[in-house]
């Protein structure tokens, strides 16, 4: 397999590869549809593209490569950087060469990256826009809260801020309605969204973000993988005689982690099983509240993925089978 290392940018991307004689070659391709199509059409059949994940800059390349069934692997920049050891200097051609070297060394571990469905892609853009508007609304609301303590207020400034908050509320509500419409028009997305929201503590915003991040629970197919993605899965931290216990990683998706913690806070109030679990861990065993909420978030994901796998809504009256009885039946 011939590895093509690609350093993505907004206007163009640098490509590093080895020719048929084993010599290092590099080219520059404009990040436009005609130029990318021309580049992809010239690739040999045994090619694989390896690039650093840089957000929307690589979306067009990924979609066009998917159409032509050309394997693509988008790798986090953190992983590439820490696999190369000590390096000096930086330039786009050099970065492309380092990405190619990474792909050649780890060719057996590279995973295919695919362009999401049109609905998922639209949901991503709508959610990102909603997040931006919510942040702007929060800033204005904080300013208005502070303005309440001013001895004198400027009427013009106050009216502008109030009108902007009102307009943001309208636009945010419109985006949320559009996301609901998109999900409702897709049977699989609609079903999984309803299952997620049937679980006490998980609301429509978190359900939508989980669908986006996991690509409808298909790209991230297990609760353990999702917990690792979110940064709520604990990992051991021990060496020799030193054992500092298990800790979560700071490399997780902080946006989704924050929402799951909010879901956990709601679950310990409205979800009877989680409320009892919180009382046991926090009130009796005196665990730190963040540890308890992290465990509750993990439990919510496990229940959610089980429901998704079965295609069933959450049933508050469900009583799990005694595992001892199951073992007895299997032994017979």
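Numbering (this note's numbering), first residue to last: 77 to 408. Ideal Cβ placement from N, Cα and C applies to all residues, glycine included. Just so it is clear, the structure is predicted and the values come from calculations on it, not from any experiment.
Going straight from the alpha carbon of residue 352 to that of residue 170, what length do you get?
Start at 1 with the first residue of the chain shown, and residue 352 comes out as number 276. Start at 1 with the first residue of the chain shown, and residue 170 comes out as number 94. C-alpha separation (whole angstroms): 56 Å.
Is residue 151 buried or exposed, if buried means 16 or more other CB atoms sit within 10 Å of its CB?
Here residue 151 refers to the residue found at position 75 of the chain shown. Classification of residue 151: buried, given that the 10 Å Cβ count is 16 or more.
Ends of the beta strand (DSSP E) at residue 126?
For the purposes of this step, residue 126 is taken as residue 50 along the chain shown, with counting starting at 1. Where residue 126 is concerned, the enclosing beta strand (DSSP E) stretches over 123 to 128.
Alpha helix (DSSP H) containing residue 300: first to last residue?
Looking up residue 300 in the chain shown gives position 224. Looking at the DSSP string, the run of the alpha helix (DSSP H) that includes residue 300 is 299 to 306.
Please list, in chain order, all residues of the same chain as residue 105 whose beta carbon is under 7 Å from its beta carbon, the five residues on each side excluded.
Residue 105 sits at position 29 when you count from the first residue of the chain shown. Closer than 7 Å at Cβ, skipping near neighbours: 88, 89, 91, 111, 112, 115.
When DSSP labels each residue in this structure, what does residue 226 get in the three-state scheme?
In the chain shown, counting from the first residue as 1, residue 226 sits at position 150. In this structure, residue 226 counts as coil in the three-state DSSP scheme.
Since residue 293 and residue 268 are thought to touch, with beta carbons under 8 Å apart, how far apart are those beta carbons, to the nearest angstrom?
Counted from its first residue, the chain shown places residue 293 at position 217. Counted from its first residue, the chain shown places residue 268 at position 192. Rounded, the Cβ-Cβ distance is 6 Å, consistent with contact.
For residue 95, collect the residues of the same chain with a Cβ closer than 6 Å to its Cβ; drop the 5 residues on either side in sequence, then sort them by chain order.
One-based indexing of the chain shown puts residue 95 at position 19. Cβ within range, chain order: 101.
Can you check DSSP and say which residues form a bridge with residue 94?
For the purposes of this step, residue 94 is identified with residue 18 of the chain shown, where counting begins at 1. 100, per the DSSP bridge assignment.
If you run the structure through DSSP and keep just helix, strand and coil, what is residue 81?
Indexing the chain shown from 1 puts residue 81 at position 5. Strand, per DSSP.
Please identify the residue among 196, 117, 99, 154 whose C-alpha is closest to the C-alpha of residue 255.
The count along the chain shown starts at 1 and reaches residue 255 at position 179. Comparing Cα positions, the closest option is 196.
Could you work out which residue in 129, 281, 335 is closest to residue 303 when comparing CA atoms only?
Translated into positions along the chain shown, residue 303 becomes position 227. With distances taken between Cα atoms, residue 303 lies closest to 335.
Kindly give me the distance between the Cβ atoms of residue 148 and residue 81, rounded to whole angstroms, as I take these residues to be in contact under 8 Å.
In the chain shown, counting from the first residue as 1, residue 148 sits at position 72. In the chain shown, counting from the first residue as 1, residue 81 sits at position 5. Actually they are not in contact, since the Cβ atoms of residue 148 and residue 81 sit about 12 Å apart, beyond 8 Å.
Exposed or buried, residue 160, counting other C-beta atoms within 10 Å across all chains shown (16 or more means buried)?
Here the question's residue 160 lines up with position 84 in the chain shown. Per the 10 Å Cβ criterion, exposed.
Is residue 208 buried or exposed, if buried means 16 or more other CB atoms sit within 10 Å of its CB?
Translated into positions along the chain shown, residue 208 becomes position 132. Looking at its Cβ environment, which holds fewer than 16 other Cβ atoms inside 10 Å, residue 208 is exposed.
Cα separation between residue 253 and residue 262?
Reading the chain shown from its first residue, position 177 is the one you call residue 253. Reading the chain shown from its first residue, position 186 is the one you call residue 262. Rounded to the nearest angstrom, the two C-alpha atoms are 15 Å apart.
Check this for me: beta carbons of residue 339 and residue 277, under 7 Å apart or not?
As a position in the chain shown, residue 339 is number 263, starting the count at 1. As a position in the chain shown, residue 277 is number 201, starting the count at 1. Yes, they are a contact pair.
Going by alpha carbons, who is nearest to residue 221 out of 206, 241, 185, 184?
The count along the chain shown starts at 1 and reaches residue 221 at position 145. With distances taken between Cα atoms, residue 221 lies closest to 241.
Which class does residue 210 belong to by DSSP, given the choice of helix, strand or coil?
Numbered from its first residue, the chain shown carries residue 210 at position 134. In this structure, residue 210 counts as helix in the three-state DSSP scheme.
Where do the N-terminal and C-terminal ends of the beta strand (DSSP E) with residue 167 fall, by residue?
Taking the chain shown and counting its residues from 1, one reaches residue 167 at position 91. No beta strand (DSSP E) holds residue 167; DSSP gives it neither H nor E.
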